[in-house]
Amino acid sequence: YAVHLAAVGRPQDAIREGHLAREVEPLSLVYNAGLGFFYFFARRYEEAAGHFRKAIEMDPNYPWGHTGMGAVHLQNGRYDEAIAGLEKGLELSRRGMLELTYVGHAYGVAGRRAEARRVLEEMTAMSRSRWVRPDFLAFVHLGLGEKDQAFALLEKAYAEKAVQPWLLPDPRWDSVREDPRWRDLMRRLGLP
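Counting in the numbering used here, the sequence shown runs from 2 upward without gaps.
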């Protein structure tokens, strides 16, 4: 339910529900890191970092603790730390697709364009044997500042009924929120 609330633009309610879930399962890595992401979506980065650190303390091999910390560092302009955390999450996830997406995005934002392009090539190669979400590819293009390509892929994801609404409140999309194409997509998805 908290994920749904975050997706529909109710971050404070998502945080409240995240706390309730963690009260029920205080040792859940998913709930601790999830709470970090709800704070992240609310742009409350220090509080998000605290929950990601807690997840890492609970299990240093839990990918989402490192991925979350990397996301916080990226938002704070600490690119080297961001990429280190995101690469650690990628390694621990055994090169999970979402973690790969986040690393590719961060490479682009940090100006490491060749590395971001290699991530896109890897994802394209993967798409020959399995489905790769168009909105994940869009996220990497967004990191590279390639907004037209990002929107083309978001449209493809929409046409395939494959947009992940829980990714949309992510502050890393903020650079396109005022774009009429974003507003149109949110309207068609029924999201704020």
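Each residue gets a CB set at the ideal place from its N, CA and C atoms; glycine is no exception.
Which of helix, strand or coil does DSSP assign to residue i?
i	result
residue 109	helix
residue 18	helix
residue 176	helix
residue 185	helix
residue 171	coil
residue 163	coil
residue 40	helix
residue 192	coil
residue 35	helix
residue 51	helix
Within the same chain, show all residues whose beta-carbon is closer than 7 Å to that of residue i, passing over the 5 residues directly before and after it, in chain order.
i	result
residue 142	150, 151, 154
residue 189	159
residue 88	104
residue 2	18
residue 48	40
Am I right that residue i and residue j are in contact with their C-beta atoms under 8 Å? What's the rounded C-beta distance?
i	j	result
residue 165	residue 136	6 Å
residue 41	residue 69	7 Å
residue 36	residue 20	7 Å
residue 98	residue 133	7 Å
I'd like the list of long-range same chain contacts for residue i, defined as Cβ closer than 8 Å, with 5 residues on each side in sequence excluded.
i	result
residue 192	8, 9, 10, 166, 169
Quick one: does the C-beta of residue i sit closer than 8 Å to a heavy atom of the ligand GDP?
i	result
residue 56	The ligand GDP is absent from the structure shown, which contains no ligand whatsoever.
Return the chain-ordered list of same chain residues with a C-beta closer than 6 Å to the C-beta of residue i, the five sequence neighbours on each side being excluded.
i	result
residue 107	75, 83, 84, 87
Less than 9 Å between CB atoms is the rule here; does residue i satisfy it with respect to chain B?
i	result
residue 69	Although the question refers to chain B, the structure presented lacks it and comprises just one protein chain.
Inside the stretch 67 to 151 only - beta strand (DSSP E) runs reaching at least 3 residues: none
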